[in-house]
Amino acid sequence: YSEDFNYTSLLTALDIIKKGGGFICTDSDKMFASESKLLPGTRWIVESIKSVTGSEPIIIGKPNDISLKLLIKLMSVELSEVLLIGDSIESDIATGKKTGISTCLHLGGVSTLEDLKYIQSKHRPDFVISSLEEIIEYF
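According to the numbering used here, the sequence shown is numbered sequentially starting from 16.
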């Protein structure tokens, strides 16, 4: 995410990537939740760089599970002991499902109850909460 990414930034990215530099992203989220509203995520930046370079990025964060698997290994925990709580079906819940851990959708962020109507059952979160205090009810 960047409020400062602009045409000059895009030219710099183009130059670096065309000279053999890596195109690595932490995520490609369409939106993220701020305290008061939804804001554009990093996807608009990633897509603009892809469109001018013709390169595909390596995404090391959500929904890629590389970072999460590494964290689970470093913490020496079993997959059954992990619960991923997030506000985005597209990135957070998808990452948890891909990794094989339990997932919990926190409403009030990016995804809504309405969004769940369009999600296949295998991609649905295991739990849905409106506030973090509700997680205590499940555990």
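Where is the CB? At the ideal position from N, CA and C, for every residue including glycine. Treat the numbers as computed from the prediction; the structure is a model and nothing was measured.
Exercise for the section: Could you tell me the distance, in whole angstroms, from the CA atom of aspartate 42 to the CA atom of aspartate 141? Expected result: Within the sequence shown, numbered from 1, the residue matching residue 42 stands at position 27. Within the sequence shown, numbered from 1, the residue matching residue 141 stands at position 126. Whole-angstrom Cα-Cα distance: 23 Å.
Handout entry: Reference valine 125, options Val61, Leu94, Ile108, Ile60, closest by Cα
Key = The count along the sequence shown starts at 1 and reaches residue 125 at position 110. The candidate whose alpha carbon is nearest that of valine 125 is Ile108.
Problem - Within 9 Å, strictly: CB atoms of leucine 131 and serine 117 - result: Against the sequence shown, residue 131 aligns to sequence position 116. Against the sequence shown, residue 117 aligns to sequence position 102. Against a cut-off of 9 Å, the Cβ pair of serine 117 and leucine 131 comes out as no contact.
Practice task
With distances taken Cα to Cα, identify the nearest neighbour of tyrosine 133 among Ile104, Pro78, Glu96.
Solution key: Mapped onto the sequence shown, residue 133 falls at position 118. Taking only the C-alpha atoms, the option nearest tyrosine 133 is Ile104.
Exercise for the section: Tell me where the alpha helix (DSSP H) around serine 63 begins and ends. Expected result: By one-based count along the sequence shown, residue 63 stands at place 48. From DSSP, the alpha helix (DSSP H) with serine 63 extends over 58-68.
Problem - Enclosing beta strand (DSSP E) for threonine 118 [first to last residue] - result: Along the sequence shown, one-based indexing puts residue 118 at 103. That run of the beta strand (DSSP E) goes 117-121.
Practice task
Report all residues from its chain with a CB closer than 6 Å to the CB of glycine 111; omit the five preceding and five following residues, and keep chain order.
Solution key: Along the sequence shown, read from residue 1 onward, the residue named residue 111 stands at position 96. Correct list, in chain order: Leu99, Thr118.
Problem - Where the beta strand (DSSP E) through glycine 101 begins and ends - result: Taking the sequence shown and counting its residues from 1, the one referred to as residue 101 is at position 86. That run of the beta strand (DSSP E) goes 98-101.
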